[in-house]
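*Asks:*
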Amino acid sequence: MRQKNVHKSWGLETASKVRKSAVGAIVFGILIFIASLIFSAGFVEKYLLASYSLDAVTLRVIFRARLASGTVGVLLVGFSFYLYHHPGWILNKLTYIGKESKGLAKRFPSVREHYRVFALGIIALFIFMAILHILTGELNEDEGWYLYASKLVYEGRIPYVDFAYTQPPLLPYVYGLIQRIFGASLLLGRIVTSLFGLSALVLTMAVAKIISGERASLLAGAAIAVNPFSIYFMVITKTYSMAATLIALSLYLLFREGDKRIDHPLAGISLALAVGTRLTVAPVFGLFLVYLAIVNRQYILRTITASGLTLTVLFLPFLLLDPRATYFNIVGYHLARYVPQSLLERIFGKMRGFFELLINFPFLIPFILLGIALYILPKIGHYQLTHEKPSKSYWGVLFIFTSFAATFLAHFVPGAALPEYHVLNLPLAAIFAGWLYDKWRTSLSWEYKKALLTILVIGLLLFSFLGARPMQWLLDPRTRYFNLSGGRLPLAEASKVSQIIRDNTSSEEEIFTTHAYLALEARRDLLDGLEMGIFSFYPDWSTKRARRFHVVNFDIIKEYIRSREGKALVITDRDFTHTGIYDDPSSGTREDLIQLIEDNYKLDFTMDNFGQFGQYEDNIYVYFRRSD
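When we follow our numbering, the leftmost residue of the sequence shown carries the number 66, and every step to the right adds one.
1) Between the alpha carbons of T519 and M270, how many angstroms are there, rounded?
2) What residues are listed by DSSP as bridge partners for N684?
3) Nearest-angstrom Cα distance between I626 and R589?
4) Does the structure place the region 308–315 close enough to the region 262–269 that three or more beta carbon pairs sit under 8 Å?
5) Exposed or buried, F193, counting other C-beta atoms within 10 Å across all chains shown (16 or more means buried)?
6) Just verifying my parser: in three-state terms, what is the DSSP assignment at F689?
7) Residues in its own chain within less than 8 Å of R326 by CB, not counting five upstream and five downstream?
8) May I ask you to report which of helix, strand or coil DSSP gives A195?
9) Which residues mark the beginning and the end of the beta strand (DSSP E) in which A265 is found?
10) So, for A347: in the same chain, excluding its five sequence neighbours on each side, which residues have a beta-carbon less than 7 Å away from its beta-carbon?
11) Quick one: what does DSSP say E558 is sitting in, helix, strand or coil?
12) Using alpha carbons as the reference points, say which of E485, N618 and F614 lies closest to T304.
13) The ligand SAM and G524: does the residue's C-beta get closer than 7 Å to at least one heavy atom of that ligand?
14) Using the Cα positions of F689 and S628, report the straight-line distance between them to the nearest angstrom.
15) What does the alpha-carbon distance come out to for the pair S607 and L251?
16) Which partner residues of I359 appear in the DSSP bridge assignment?
17) If contacts are defined as beta-carbon pairs under 8 Å, then Y440 and L526 qualify, I think. What distance do you get, rounded to the angstrom?
18) Let me know if D503 comes out buried or exposed under the rule of 16 or more other beta-carbons within 10 Å of its beta-carbon.
19) Taking 8 Å as the cut-off, decide whether the C-beta atoms of L190 and A290 are in contact.
20) Counting C-beta neighbours from all protein chains within 10 Å, is the total for Q677 16 or more, i.e. buried, or is it exposed?
21) Opposite V635 in the DSSP bridges: which residues?
22) Output needed for S315: all residues of its chain with C-beta closer than 6 Å, excluding positions within five of it in sequence on either side, in chain order.
23) In chain order, what residues of the same chain have a beta carbon less than 8 Å from the beta carbon of T258, not counting five sequence neighbours either side?
24) Whole angstroms are fine: how far does the CA of T637 sit from the CA of V617?
25) Given that a residue counts as buried once 16 or more other Cβ atoms are within 10 Å of its Cβ, and exposed if not, what is I430?
26) Relative to the C-alpha of H487, which candidate in R181, Y297, G254 and N684 has its C-alpha closest?
27) Run the CB neighbour count on I187, radius 10 Å, all protein chains shown included, and call it buried at 16 or more, exposed below.
28) With a CB to CB cut of under 6 Å and the five nearest residues on each side skipped, what residues in its chain are close to A633?
29) Can you tell which of L474, E208, S282 and S215 has the C-alpha that lies nearest to the C-alpha of Y180?
30) So, at 6 Å on beta carbons, what are the nonlocal neighbours of L319 in its own chain, with the 5 sequence-adjacent residues on each side left out?
31) If we ignore side chains and look at the alpha-carbon of each, how far apart do H329 and R343 end up?
32) Measuring only the C-alpha atoms, how far is T370 from T377?
33) Taking Cβ positions, are L253 and L585 nearer each other than 8 Å?
34) Which same chain residues end up closer than 7 Å to A494 when comparing Cβ atoms and leaving out the 5 residues on each side of it in sequence?
35) Would you kindly work out how many angstroms separate the C-alpha atoms of N292 and F473, rounded to a whole number?
36) So which of L338, V360, V355 and A438 has the shortest CA-CA distance to V372?
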């Protein structure tokens with residue numbers, strides 16, 4: 066009884082301190098902010114989507130998903146408000162849990178003694194999830210043009226100069242070499258990307274271990290391995306896995322104990338290669354040079370020379386051959402996608418975007434926000450007030466954090482920003498989260514606080530694996546990344562359509578389609594200008610300008626159909642809206658184009674629930690050239 070009263074008295078005393086503390090106010094404010102964002106997102110999204118005149122079924126499904134999230138937001142607001150004003154109960158419970166968990170923890174294997182076992186378990190989980198996504202992950206249009214570009218470069222064609230490719234030039238030359246050895250296919254592309262993803266995971270854990278130890282390493286690995294959304298985009302052929310691997314490799318070379326005369330230039334080269342894979346890594350490269358200038362200038366000239374030569378080799382040849390096309394593909398194309406919006410639309414759009422980030426990264430985003438509020442900002446204030454000289458380790462962590470913040474803003478601030486872009490930031494975010502966890506845990510003296518931190522971490526990790534994304538997956542089928550539409554494996558359905566194309570065309574004959582992966586699987590060439598698939602269409606451009614930049618407009622499309630230049634023509638229902646090929650359906654443009662197709666091509670095969678948009682009941686139609 067006396068022990069219970071002691072706990073109660075201590076809990077109430079602590080509650081009084083928490084109630085008056087700035088930290089409590091900050092945490093409470095963050096909870097309110099997140100909850101209000103979740104709650105308002107449903108109405109914001111309904112407003113925005115209604116402006117695009119979507120059907121009632123679409124709005125109802127979205128509203129139902131957001132209503133569930135809004136309910137969670139309301140409960141979060143109420144619960145956090147109660148805890149802020151009446152924390153005695155929760156503190157007493159956590160005190161009890163802390164004392165019990167301390168005894169329970171002794172029964173579990175030591176993290177340090179069994180680090181390799183735990184690390185191998187995390188890696189095994191990632192491999193299992195990767196294999197699952199390789200086999201069942203839905204088809205993605207991006208896979209087609211990345212792999213098709215990789216095929217073209219080893220046939221002697223040059224990106225930007227001979228065909229459109231809207232990323233820096235490195236990836237096609239890496240993937241193309243592998244395809245040249247083993248043969249081009251969607252499956253091979255996914256396997257290679259998964260190996261890059263696995264390398265990024267292992268390097269991330271290695272860097273976290275160097276900086277903060279075993280616990281941080283395991284948490285950093287778990288933050289990636291338990292997130293199905295991230296793993297899907299680390300498996301399908303996109304730039305994220307390769308760029309993330311190069312970023313993690315540069316951090317490993319930067320922080321490991323080794324010969325800095327070699328490691329620093331190699332780290333610079335690795336980051337330069339990452340910029341050559343995806344341009345949004347450029348801020349990390351700049352911050353890397355700033356970090357070296359502050360911490361270790363001894364080999365900075367050598368590092369700048371090595372990385373500068375790498376960037377020169379990557380970009381200068383294309384700039385010399387065709388500067389306009391190179392600039393347009395790498396920079397201009399992306400800027401053109403950011404359509405001007407009103408201030409209200411921008412605010413609502415960013416609220417919706419942040420809500421999507423919370424859904425897709427429910428561990429990393431809240432954890433990093435708490436880290437900013439409870440450590441980064443107070444630490445910066447401390448150094449400003451005391452004029453103390455920051456330690457070398459502090460500058461290292463600050464470099465990682467500012468690199469994450471810079472790439473985060475580079476992906477989040479512009480329009481047309483998708484949550485998947487932030488998969489590129491996973492090594493930076495996971496390493497910072499692991500360091501922050503270790504920092505907090507070692508600074509906590511009371512067991513209830515350690516219990517609270519443990520509950521927070523485990524809860525957010527479980528929510529990543531079982532919570533937010535699966536909840537939306539169940540309520541809104543349009544968000545699924547496992548697509549078994551019609552009971553078919555995605556790669557199998559692509560293979561079936563490609564086989565039909567291959568059986569009815571010769572290797573010299575070209576095909577007309579915006580689905581580049583079908584041409585890749587069928588081992589057939591696309592008509593010129595269609596290499597970027599659904600993003601090859603520029604309806605407002607003149608024919609001269611479209612041909613200049615290796616894309617198509619409406620006149621070129623009609624001419625291709627009339628001339629029957631492609632032996633096969635493959636189109637889906639979603640092509641009529643998603644590519645922007647057709648204006649308002651009521652204008653009759655769609656009907657005119659279908660009639661033009663049927664005058665020159667004969668329908669041979671159809672399949673329902675096909676492709677990336679199979680969950681939208683997309684249908685594919687395979688036509689072949691008429692002989693009359």
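Just so you know, even glycine gets a beta-carbon here, dropped at the ideal spot from N, CA and C.
*Replies:* In terms of the structure at hand:
1) Sequence index remark: in the sequence shown, residue 519 carries index 454 (1-based). Sequence index remark: in the sequence shown, residue 270 carries index 205 (1-based). Near 19 Å, if we compare the C-alpha coordinates of M270 and T519.
2) The residue labelled residue 684 in the question sits at position 619 within the sequence shown. Partner(s): D673.
3) As a first step, residue 626 must be located in the sequence shown, where it is residue number 561. As a first step, residue 589 must be located in the sequence shown, where it is residue number 524. The alpha-carbon atoms of I626 and R589 are separated by roughly 18 Å.
4) yes
5) Taking the sequence shown and counting its residues from 1, the one referred to as residue 193 is at position 128. Exposed, since its Cβ has fewer than 16 Cβ neighbours within 10 Å.
6) For this step, residue 689 is matched to residue 624 along the sequence shown. Three-state DSSP puts F689 in a strand.
7) In the sequence shown, the residue the question calls residue 326 occupies position 261. Answer for R326: Y364 and R367, listed in chain order.
8) Your numbering for residue 195 matches position 130 in the sequence shown. Helix, per DSSP.
9) Sequence index remark: in the sequence shown, residue 265 carries index 200 (1-based). Per DSSP, A265 belongs to no beta strand (DSSP E); it is in the alpha helix (DSSP H), L251 to S277.
10) Locating residue 347 in the sequence shown gives position 282, where the first residue counts as 1. Excluding sequence neighbours, A347 sits near V340.
11) Position 493 of the sequence shown, counted from the first residue, corresponds to residue 558. Three-state result, E558: helix.
12) Along the sequence shown, one-based indexing puts residue 304 at 239. The candidate whose alpha carbon is nearest that of T304 is E485.
13) Inclusion of the ligand SAM in the displayed structure is not the case, the ligand content being empty and no account of it being possible.
14) Indexing the sequence shown from 1 puts residue 689 at position 624. Indexing the sequence shown from 1 puts residue 628 at position 563. So the alpha carbons of these two residues sit roughly 13 Å apart.
15) If you number the sequence shown from 1, residue 607 lands on position 542. If you number the sequence shown from 1, residue 251 lands on position 186. When rounded, the distance between both Cα atoms is 34 Å.
16) The residue labelled residue 359 in the question sits at position 294 within the sequence shown. DSSP lists no partner for I359.
17) Looking up residue 440 in the sequence shown gives position 375. Looking up residue 526 in the sequence shown gives position 461. Y440 to L526, Cβ: 20 Å. No contact.
18) Taking the sequence shown and counting its residues from 1, one reaches residue 503 at position 438. By the neighbour-count rule (16 or more Cβ atoms within 10 Å), D503 is buried.
19) Position 125 of the sequence shown, counted from the first residue, corresponds to residue 190. Position 225 of the sequence shown, counted from the first residue, corresponds to residue 290. Yes, they are a contact pair.
20) Counted from its first residue, the sequence shown places residue 677 at position 612. Q677 is buried by the Cβ-count criterion.
21) By 1-based counting over the sequence shown, the position of residue 635 is 570. Per DSSP, T578 and V687.
22) Position 250 of the sequence shown, counted from the start, is the residue given in the question as residue 315. Around S315: A332, S335 and L336.
23) For the purposes of this step, residue 258 is identified with residue 193 of the sequence shown, where counting begins at 1. The residues are M299, V300, I301, T302, K303, S306 and M307.
24) Mapped onto the sequence shown, residue 617 falls at position 552. Mapped onto the sequence shown, residue 637 falls at position 572. Going by the C-alpha atoms only, they are around 18 Å apart.
25) Position 365 of the sequence shown, counted from the first residue, corresponds to residue 430. Its Cβ being crowded by 16 or more others within 10 Å, I430 is buried.
26) Reading the sequence shown from its first residue, position 422 is the one you call residue 487. Nearest of R181, Y297, G254 and N684 to H487, Cα basis: Y297.
27) For the purposes of this step, residue 187 is identified with residue 122 of the sequence shown, where counting begins at 1. With 16 or more Cβ atoms within 10 Å of its Cβ, I187 is classed as buried.
28) As a first step, residue 633 must be located in the sequence shown, where it is residue number 568. If we look at A633 and ignore the five residues flanking it on each side, its Cβ neighbours are I566, T570, I576 and F689.
29) The residue given as residue 180 occupies position 115 in the sequence shown. Of the listed residues, the one whose Cα sits closest to Y180 is S282.
30) Stepping through the sequence shown from its first residue, residue 319 is reached at position 254. For L319, where only same-chain residues beyond five positions count, the Cβ hits under 6 Å are A332.
31) Counted from its first residue, the sequence shown places residue 329 at position 264. Counted from its first residue, the sequence shown places residue 343 at position 278. One C-alpha to the other measures close to 21 Å.
32) In the sequence shown, the residue the question calls residue 370 occupies position 305. In the sequence shown, the residue the question calls residue 377 occupies position 312. If I take the Cα positions, the gap works out to 10 Å.
33) Here residue 253 corresponds to residue number 188 of the sequence shown, with the count starting at 1. Here residue 585 corresponds to residue number 520 of the sequence shown, with the count starting at 1. Against a cut-off of 8 Å, the Cβ pair of L585 and L253 comes out as no contact.
34) For the purposes of this step, residue 494 is identified with residue 429 of the sequence shown, where counting begins at 1. Closer than 7 Å at the Cβ level, and outside the excluded window around A494, lie L429, I433 and F469.
35) Translated into the one-based positions of the sequence shown, residue 292 becomes position 227. Translated into the one-based positions of the sequence shown, residue 473 becomes position 408. If I take the Cα positions, the gap works out to 18 Å.
36) The sequence position of residue 372 within the sequence shown is 307, counting from 1. Position check: residue 372 holds Ser in this sequence, whereas Val was assumed. Of the candidates L338, V360, V355 and A438, the one whose C-alpha sits nearest the C-alpha of S372 is L338.
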